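To start, the structure itself, in structure tokens.
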Amino acid sequence: MKGGGAIKLLFFVLKILPMIDKNVVTGIVLQWLEGKDYFLVDVTVSPDDKIVVEIDHAEGVWIDDCVELSRYIESNLNRDEEDYELEVGSAGIGQPFKVLQQYVIHKGKEVEVLTNDGKKYKGVLTDVDDSKFTLTVQTKIKPEGSKRPKLVDQLITFTYDEIKYTKYLISFK
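Be aware that the sequence shown starts at 573, since it is given in the numbering used here, and climbs by one per residue.
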């Protein structure tokens, strides 16, 4: 080399840890849920290994059970091999439903539905099955010969693929 220049080398070590598998976490949660009245709403694992587990129950989610599930998950994952952040909680009141069981536990309660075409409905969730659900909505209808409209119950059935969301309406009455 002319001019006595130095060659500079830059080395770095990149330690690659495997990302936590969502299916593994889901399996662990489902084991804990066996024999309990809780059900799994969602498991998410972000690229930076933040694990979020959402569970629900017809009578609400108790903090003690969230702690128990969190400890169960931690006991089944190896912190030496996987560095992660874990959050266990309820699905969240007022949040859109994600699974069929949320519809089932809210049957008979007031919900809000937003359809794919932007129409919003508020009514009582009266029927639920695997492919559709029905709301009882109060609508103003003016009967023939009447001067004033009257509130009438109307049944509206939706398939799950024609809605953007359904969520429980919180009432403080």
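Each residue gets a CB set at the ideal place from its N, CA and C atoms; glycine is no exception. Every value quoted in this text rests on a predicted model; they were computed, and no experiment measured them.
- With a CB to CB cut of under 7 Å and the five nearest residues on each side skipped, what residues in its chain are close to Leu741? As a position in the sequence shown, residue 741 is number 169, starting the count at 1. Once the five neighbours on either side are set aside, the close Cβ partners of Leu741 are Glu682, Val683, Glu684, Lys694.
- List the DSSP bridge partners of Glu654. Sequence index remark: in the sequence shown, residue 654 carries index 82 (1-based). Answer by DSSP bridge pairing: none, since Glu654 is not bridged.
- Message: When you compare the CB positions of Leu612 and Ile627, do they come within less than 8 Å of one another, or not?
- Response: One-based indexing of the sequence shown puts residue 612 at position 40. One-based indexing of the sequence shown puts residue 627 at position 55. Yes, the Cβ-Cβ distance between Leu612 and Ile627 is below 8 Å.
- Item | Contacting residues, own chain, Cβ-Cβ under 6 Å from Gln673 (five flanking each side not counted) | For the purposes of this step, residue 673 is identified with residue 101 of the sequence shown, where counting begins at 1. Correct list, in chain order: Phe611.
- Note down the Cα distance separating Val709 from Ser743, rounded to an integer number of angstroms. Residue mapping note: residue 709 aligns to position 137 of the sequence shown, counting from 1. Residue mapping note: residue 743 aligns to position 171 of the sequence shown, counting from 1. Answer to the nearest angstrom: the Cα atoms are 16 Å apart.
- Query: Does the distance from the CB of Val601 to the CB of Val633 come in under 8 Å?
  - Reply: Here residue 601 refers to the residue found at position 29 when the sequence shown is read from its first residue. Here residue 633 refers to the residue found at position 61 when the sequence shown is read from its first residue. Not a contact, by the Cβ cut-off of 8 Å.
- Three-way DSSP call (helix, strand, coil) for Gly632 in this model: Counting from one through the sequence shown, the residue named residue 632 turns up at place 60. The answer is coil: DSSP assigns Gly632 none of H, G, I, E or B.
- Query: Can you tell me whether Val639 is buried or exposed, with buried defined as 16 or more other CB within 10 angstroms of its CB?
  - Reply: For the purposes of this step, residue 639 is taken as residue 67 along the sequence shown, with counting starting at 1. With fewer than 16 other Cβ atoms within 10 Å, it is exposed.
- Message: Spatial neighbours of Lys622 within its chain, please: C-beta separation below 6 Å, excluding the five flanking residues on both sides.
- Response: As a position in the sequence shown, residue 622 is number 50, starting the count at 1. Hits under 6 Å: Glu657.
- Query: CA-CA distance, Gln726 and Val660?
  - Reply: The residue you call residue 726 lines up with position 154 of the sequence shown. The residue you call residue 660 lines up with position 88 of the sequence shown. One C-alpha to the other measures close to 39 Å.
- Message: On the DSSP bridge list, what partners appear for Gly680?
- Response: Position 108 of the sequence shown, counting from 1, holds the residue named residue 680. Paired residues: none, contrary to the question.
- Query: How many angstroms separate the CA atom of Ser642 from the CA atom of Asp636?
  - Reply: Reading the sequence shown from its first residue, position 70 is the one you call residue 642. Reading the sequence shown from its first residue, position 64 is the one you call residue 636. Roughly 10 Å separates the two Cα atoms.
- Query: Can you name the start and end residues of the alpha helix (DSSP H) that Gln726 belongs to?
  - Reply: As a first step, residue 726 must be located in the sequence shown, where it is residue number 154. Premise fails: Gln726 lies in the beta strand (DSSP E), 722-731, not in any alpha helix (DSSP H).
- How big is the Cα-Cα spacing for Thr711 and Lys608? Here residue 711 refers to the residue found at position 139 when the sequence shown is read from its first residue. Here residue 608 refers to the residue found at position 36 when the sequence shown is read from its first residue. The alpha-carbon atoms of Thr711 and Lys608 are separated by roughly 40 Å.
- Item | Backbone secondary structure at Lys704 - three-state DSSP | Here the question's residue 704 lines up with position 132 in the sequence shown. Correct three-state label for Lys704: strand.
- Query: From which residue to which residue does the alpha helix (DSSP H) around Lys594 run?
  - Reply: Walking along the sequence shown from the start, residue 594 turns up at place 22. Element bounds for Lys594: 594-605.
- Message: Please report the straight-line C-alpha distance between Thr598 and Val615, rounded to a whole angstrom.
- Response: What you label residue 598 is simply residue 26 of the sequence shown in a count that begins at 1. What you label residue 615 is simply residue 43 of the sequence shown in a count that begins at 1. Taking the straight line joining both Cα atoms gives about 6 Å.
- Message: Please report the straight-line C-alpha distance between Thr698 and Leu707, rounded to a whole angstrom.
- Response: Walking along the sequence shown from the start, residue 698 turns up at place 126. Walking along the sequence shown from the start, residue 707 turns up at place 135. If I take the Cα positions, the gap works out to 6 Å.
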